[in-house]
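Chemist: The working numbering applies: residue 293 is where the sequence shown begins, and numbers increase by one.
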Amino acid sequence: DKHFMMSSTLLGGGVFFVAYGVFNTFFRTEKLFPGPHLFAGAAIVVLWALSAALVPYMEKGNDTARNTHIALNVLNVSLFTWQLPTGFEIASKVWNKAELAWF
Numbered sequence: 293d294k295h296f297m298m299s300s301t302l303l304g305g306g307v308f309f310v311a312y313g314v315f316n317t318f319f320r321t322e323k324l325f326p327g328p329h330l331f332a333g334a335a336i337v338v339l340w341a342l343s344a345a346l347v348p349y350m351e352k353g354n355d356t357a358r359n360t361h362i363a364l365n366v367l368n369v370s371l372f373t374w375q376l377p378t379g380f381e382i383a384s385k386v387w388n389k390a391e392l393a394w395f
């Protein structure tokens with residue numbers, strides 16, 4: 293169904309881009325920058341995994357799993373929205389560099 297396909301794409305793409313962002317930052321600067329953006333991103337990936345882990349229980353009709361799944365995703369969207377300004381700031385700094393290492 294559409295929800296499953298979109299969720300699978302979001303989970304796979306999200307985990308890929310988190311790993312890509314971490315490796316790209318490390319290879320460009322030889323360090324990571326612990327701060328709100330990094331920690332929120334890590335929390336988002338954990339929440340995605342926890343939310344996905346509840347799906348088998350939801351398929352069996354467990355309402356607690358369904359409500360927890362919804363709550364985790366509301367928290368996830370809130371964290372994502374909260375970190376958007378720092379993400380735009382980081383992207384702007386990277387894109388304005390003359391030597392851009394994509395891989």
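Ideal Cβ positions, reconstructed from N, Cα and C, are used throughout, including at glycine.
#1: Which class does Glu-381 belong to by DSSP, given the choice of helix, strand or coil?
#2: Roughly how many angstroms separate the alpha carbons of Trp-340 and Asn-365, rounded to a whole number?
#3: Can you look up Leu-376 in the DSSP assignment and give me helix, strand or coil?
#4: Is the beta carbon of Leu-376 closer than 8 Å to that of Ala-335?
#5: So for Ala-390, helix, strand or coil by DSSP?
#6: Grouping DSSP H, G and I as helix and E and B as strand, with all else coil, what is Asn-354?
Modeler: So, from the listed chains and residues:
#1: helix
#2: 8 Å
#3: helix
#4: no
#5: Model confidence at Ala-390 stands at a pLDDT of 48, short of 50, so the residue's coordinates are unreliable and nothing is read from them.
#6: coil
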